[in-house]
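S.K.:
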Amino acid sequence: MGEPSRAEGDALVASRSLDIATVQAPIAVCTATGVLMSATRPALALLSRGSLDEQLPSVIPAELWRLLERTSNGEAVEWRRQGLSSEVLGCTRYPAAPGSFVLLMREVSSKRQELSERIHRQRLDLTERLVASIARELRGSVASVVYSADFLNGRGSEIDPAVLAETVRDISKASASLQQTLDALLDYAHLGPSVSVPVQLREVLNRALGSLRHHYREGAHRLRMDVAPRAELVRGNPLVIEQIFANLLLNAVEASPAPRCVIVTAFPALRPLDPHVGTPFYICIRVWDDGPGISPEHRPFIFDPFFTTKQGSPGLGLAMARQAAESLDGELELTEDESGTCFSLYLPGYEGQP
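Mind the numbering: the sequence shown is residues 0 to 353 in numbering that gives the first Met the number 0, read in order.
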């Protein structure tokens with residue numbers, strides 16, 4: 000490459016002063032223009048798989064260098080090698096001597112694969128619970144229609160007009176329930192218009208608990224509900240609300256070695272962040288458990304994807320629950336509580352409830 004420039008010379012001096020050749024880790028020194036001046040063997044092995052010339056000095060791959068330039072010093076980037084979509088390199092840039100940087104690298108392909116598998120397992124679990132819930136809803140409504148139709152078919156013209164009218168009402172009610180479930184499912188899958196209907200809190204909580212019944216029975220956990228007057232109904236997609244409750248109820252007892260007491264309370268409230276935005280009437284649903292609580296150092300990260308302190312947990316439940324709440328114009332937050340763990344879910348209330 001000819002005589003080194005002054006910046007390249009400074010970077011070369013920096014690499015020698017650091018003596019990185021003896022370090023058994025993927026570390027390199029480069030100039031401010033992306034020219035690699037020195038690198039450990041592990042670093043060269045990683046970069047050579049991205050078409051880097053092992054003969055130094057050598058230019059760092061342009062795509063990787065652009066990522067590093069757009070990112071603040073000390074922040075990691077992930078670079079996927081062109082033509083090798085399954086291989087991912089993690090890289091962080093730190094300033095060293097004037098005009099030079101130290102690069103710390105790491106092969107993160109296996110880590111990305113692990114995260115993909117965790118996401119897949121979490122989605123399968125959510126899908127299994129959702130399908131079970133929908134099956135119960137459809138089975139009940141279909142059974143009502145079939146029973147009423149068989150009843151009318153068997154009685155023929157001998158049926159009393161009052162009984163006929165009541166049976167027709169039962170069929171209409173079951174049909175409306177089927178339509179609501181299907182509309183909610185299409186909205187959940189983003190295949191239809193948005194659904195925002197009155198939702199009975201007790202019903203949706205019981206359905207969420209039904210999908211977790213084996214967890215609560217095996218752990219001898221107890222659940223208590225206390226729904227205040229004028230807090231019986233919220234507005235939104237019932238399937239989405241059910242999934243939020245399922246995540247919160249599972250989080251309360253997941254990986255617990257001892258029986259837990261879980262208390263769900265609901266009461267009218269104002270929107271916490273800005274009571275003047277959106278619907279002024281909200282319902283706050285608090286899910287509290289008597290476990291050890293969440294340590295102060297973990298609280299800022301509790302809603303971060305993949306953050307977990309529980310063995311075997313993918314760390315996605317709370318992140319997905321908060322995202323779902325926000326999609327309903329609601330909020331989910333961790334509430335201060337010294338006697339356990341408490342999450343507060345705010346959902347738009349239904350003004351027409353008694």
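For glycine and all other residues, C-beta sits at the position ideal for the given N, C-alpha and C. Owing to the predicted nature of the structure, the values given are computational and were not obtained by experimental measurement.
By the three-class DSSP mapping on this structure, what secondary structure does phenylalanine 342 have?
M.R.: strand
S.K.: Does the distance from the CB of isoleucine 282 to the CB of alanine 265 come in under 7 Å?
M.R.: yes
S.K.: Is it the case that the Cβ atoms of proline 237 and valine 198 are separated by a distance below 7 Å?
M.R.: Contact: yes.
S.K.: For a test of the three-state rule: what should DSSP assign to glutamine 199, helix, strand or coil?
M.R.: strand
S.K.: Which partner residues does serine 99 have in the DSSP bridge list?
M.R.: Thr30
S.K.: For the beta strand (DSSP E) that leucine 331 lies in, which residues bound it at each end?
M.R.: 330 to 334
S.K.: For glutamate 157 and proline 258, I'd like the C-alpha separation in whole angstroms.
M.R.: 57 Å
S.K.: For isoleucine 301, which residues in the same chain have their Cβ closer than 7 Å to its Cβ, ignoring the five residues on either side in sequence?
M.R.: Ile293, Leu317, Leu333, listed in sequence order.
S.K.: Spell out the partners DSSP gives proline 94 in its beta bridges.
M.R.: According to DSSP, proline 94 bridges with Phe100.
S.K.: When you compare each of Leu211, Ser143, Glu202 to threonine 166 by their alpha carbons, which one comes out closest?
M.R.: Ser143
S.K.: Quick check on this structure: which residue in Pro267, Asp288, Val58, Ala268 has the alpha carbon closest to the alpha carbon of valine 252?
M.R.: Asp288
S.K.: With distances taken from CA atoms, which of Glu106, Arg216, Val286 is nearest leucine 248?
M.R.: Val286
S.K.: Is the separation between the beta-carbon of arginine 234 and that of serine 171 shorter than 7 Å?
M.R.: Not in contact: arginine 234 and serine 171 (Cβ atoms no closer than 7 Å).
S.K.: In whole angstroms, give me the CA-to-CA distance for alanine 24 and serine 99.
M.R.: 19 Å
S.K.: Have a look at threonine 363 and leucine 67 and give me their C-alpha separation to the nearest angstrom.
M.R.: For the chain, the structure presents residues 0 to 353; residue 363 sits outside this window and is missing.
S.K.: Out of curiosity, what's the CA-to-CA distance linking serine 37 and valine 28?
M.R.: 5 Å
S.K.: Could you pull the start and end residues of the beta strand (DSSP E) that glutamate 241 belongs to?
M.R.: Element bounds for glutamate 241: not the beta strand (DSSP E) but the alpha helix (DSSP H), 237 to 252.
S.K.: Span of the beta strand (DSSP E) holding arginine 223?
M.R.: 221 to 226
S.K.: Looking at glycine 89: is its Cβ nearer than 7 Å to the Cβ of tryptophan 64?
M.R.: No. Outside cutoff.
S.K.: Per DSSP, which residues does tyrosine 281 bridge with? Please list them.
M.R.: Ala268, Pro347
S.K.: Can you list, in chain order, the residues of its chain with a C-beta nearer than 7 Å to that of phenylalanine 150? Leave out the 5 residues immediately preceding and following it.
M.R.: Thr166
S.K.: Measuring alpha carbon to alpha carbon, tell me which of Gly218, His214, Asn205, Ser210 ends up nearest methionine 224.
M.R.: Measuring C-alpha to C-alpha distances from methionine 224 to each of Gly218, His214, Asn205, Ser210 identifies Asn205 as the nearest.
S.K.: Taking Cβ to Cβ, would you say alanine 384 is nearer than 7 Å to asparagine 246?
M.R.: Not covered by the structure: residue 384. The range shown for the chain is 0 to 353.
S.K.: In the DSSP assignment, what are the bridge partners of glycine 218?
M.R.: Beta-bridge pairing links glycine 218 to no other residue.
S.K.: So is glutamate 202 buried or exposed if we call it buried at 16+ other beta carbons inside 10 Å?
M.R.: exposed
S.K.: Just to confirm the assignment, what range does the alpha helix (DSSP H) spanning alanine 323 have?
M.R.: 316 to 326
S.K.: For glycine 339, which residues in the same chain have their Cβ closer than 7 Å to its Cβ, ignoring the five residues on either side in sequence?
M.R.: Trp287, Asp288, Asp289, Gly290, Gly292
S.K.: Taking only three categories from DSSP, how would you classify arginine 138?
M.R.: helix
S.K.: My guess is that alanine 230 and tyrosine 345 are in contact by the Cβ rule of under 8 Å, so how many angstroms apart are they, rounded?
M.R.: Not confirmed; about 12 Å, so no contact.
S.K.: From leucine 222 to isoleucine 240, what distance separates their C-alpha atoms?
M.R.: Those two C-alpha atoms are separated by around 18 Å.
S.K.: Note the first and the last residue of the continuous beta strand (DSSP E) segment covering glutamate 74.
M.R.: No beta strand (DSSP E) contains glutamate 74, which DSSP labels as neither H nor E.
S.K.: Quick check on valine 194: does DSSP put it in helix, strand or coil?
M.R.: coil
S.K.: With 16 as the cutoff for other CB atoms within 10 Å, does serine 147 come out buried or exposed?
M.R.: buried
S.K.: Any idea what DSSP makes of glycine 209, helix, strand or coil?
M.R.: helix
S.K.: Could you give the C-beta distance for leucine 315 and proline 304, rounded to a whole number, given that I count them as a contact under 8 Å?
M.R.: 6 Å
S.K.: Going by Cα to Cα distance, which pick from Ala61, Ala95, Val76, Glu106 is closest to alanine 42?
M.R.: The candidate whose alpha carbon is nearest that of alanine 42 is Glu106.
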